[in-house]
Each structure stands twice: as structure tokens, then as C-alpha cells.
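Right, one structure below, let's go through it.
Put into C-alpha cells, the structure is as follows:
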């Protein structure tokens, strides 16, 4: 079988396997191991789930997620209702410093702004609102402003990479300067790439991560 056709079929199978996603309306195109998703789905959460499913497939080097969110007519909410639901979701999430975050909504597209101390708080805020009814997309403009200076950031990240059973750490180079961490090298899968980036963000004092890791097929 043609390698690209084989990869496409694996992606279609993975999308079909993902229980949180209705894959019937998702189109897949593969060119040089770069995957493009097209079509329309009913929620932003499904759009994220589709992208994650594709990244799990061995051989995928990049993903262009062009899926369009079109909520079903009964599921539509106006922007005021979405904004209020988002504020409540942030309020109820214990990992989110909701007093530091503001919410804007325009035509179903939600924008988060503010400053937090840790990157996981920024991620938690987005996760709290992406599943809300009527949300067509989320732009996360929350910035990370560490309350402490980085301490041995490079060595701590390298140690974390070595401890991670999912990673072959020898192929990853870490650079750290003034809270900014840069990852270079090669990994075997998107899962490894995500794990390396997660390890970098977990280090104290990190305010920015540039991930230049290549997925080597």
C-alpha cells in the first residue's frame, strides 16, 4: 500500500476509535506526513479531541486543524450566556486563579486574558472553558509571570526528561535563559514531543517554552 494512504487509514481508524468525537464529518488529507483536517463538527472540544487523536498516530509530523465548529441549532447560546458560563467555570476550577483572568466573547469565540504564576494554571483555564456549550473556539492570551527566578532550570528539566519512561532523552537538547526554555533535537512520536514540552513547563521559573523538536518518522 502507498505509505501516505496507509497513514491516512490509520488516522481515520484512530479518529473513529476516539469516543469523544463524531468522526463522520471529519475529512483527512496527508501530504509528506503532514495531516490536514477539514469538515465541520459540533463543538470546540471535538476539534481539540480530533487533533490529539491524529497526533497519537505514529508517522504524523505536523497537523493543520481546519475543522470548523458549527454548534447544532438547539445548542446555540448568545455571547452573554457563554461569557457567564465561562466565568462560572473558571470560578469552580480550583487550579485556576479566576480573579486574575478576564473573559471576552465575540460570536462564540472566547478570549482569555490575564497573568498567572504557573503554566498549568494557564492550561487549566483553557480546559475549563473549551467544553462549554456554544463555544466555537478559544484564544488563550494568558501570560505566565513567575513569582520566583529560575533556579538550575536546565539541569532540572534534563533530569525530568531522563526520569520520564515515555522519552528517549538523549536526543533532546535543552537551552535555558531568563525563564525561556528552548528544546531542540528529534523524538519518535508526537506523544514524546508533548511529554518533553510538558516537562519543560513544569520547571520552576519557566515563563516561555520554544519547542523545536522534530518528529522523526
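In my numbering, the protein residues as written are 422 to 638.
Glycine included, every Cβ here is placed at the ideal spot set by N, Cα and C.
The structure presented is a predicted model; accordingly, all values stated were derived computationally and were not measured.
Cβ-Cβ distances below 7 Å link residue 552 to 466 in the same chain, with the five nearest sequence neighbours on each side left out; the list follows chain order. Fewer than three beta-carbon pairs drawn from the region 503 to 515 and the region 453 to 470 are found closer than 8 Å, and the two stretches are therefore not classed as touching. DSSP, reduced to helix, strand and coil, places residue 470 within a helical segment of the structure shown. Take residue 444, set aside five residues on each side of it, and the residues of its chain with a beta-carbon closer than 8 Å to its own are 433, 436, 437, 471, in chain order. The alpha carbon of residue 486 has as its nearest neighbour, out of 558, 587, 468, 545, the alpha carbon of 468. The three-state reading of DSSP puts residue 514 in coil, since its state is none of H, G, I, E or B. About 23 Å separates the beta carbon of residue 537 from that of residue 527, a gap too long to meet the 8 Å contact definition. Contact fails between the region 573 to 593 and the region 473 to 488, because fewer than three Cβ pairs, one in each stretch, are under 8 Å apart. Apart from sequence neighbours up to five positions away, the residues of its chain that approach residue 490 with a beta-carbon distance below 7 Å are 462, 464, 465, 468, 557, 558, ordered along the chain. With a threshold of 16 other beta carbon atoms within 10 Å, residue 479 falls short and is exposed. Spanning the alpha carbons of residue 525 and residue 427 requires a straight line of approximately 42 Å.
According to DSSP, residue pairing for residue 459 in a beta bridge involves 448. Here residue 635 is not near residue 613, since their CB atoms are 8 Å or more apart. Closest in alpha carbon position to residue 616, among 477, 430, 515, 626, is 477. Contact between residue 546 and residue 565 is ruled out by a C-beta separation of about 11 Å, above the 8 Å threshold.
For residue 550 and residue 619, the gap between their C-alpha atoms comes out near 21 Å. For residue 579, the enclosing alpha helix (DSSP H) stretches over residues 574 to 584. Taking 8 Å as the cut-off, the Cβ atoms of residue 592 and residue 497 do not count as close. Assigned with DSSP and collapsed to three states, residue 632 falls in strand. For the set 595, 585, 602, 430, the Cα lying nearest the Cα of residue 628 is the one of 602.
Around the beta-carbon of residue 622, 16 or more other beta-carbon atoms lie within 10 Å, marking it buried. With fewer than 16 other Cβ atoms inside 10 Å of its own Cβ, residue 633 counts as exposed.
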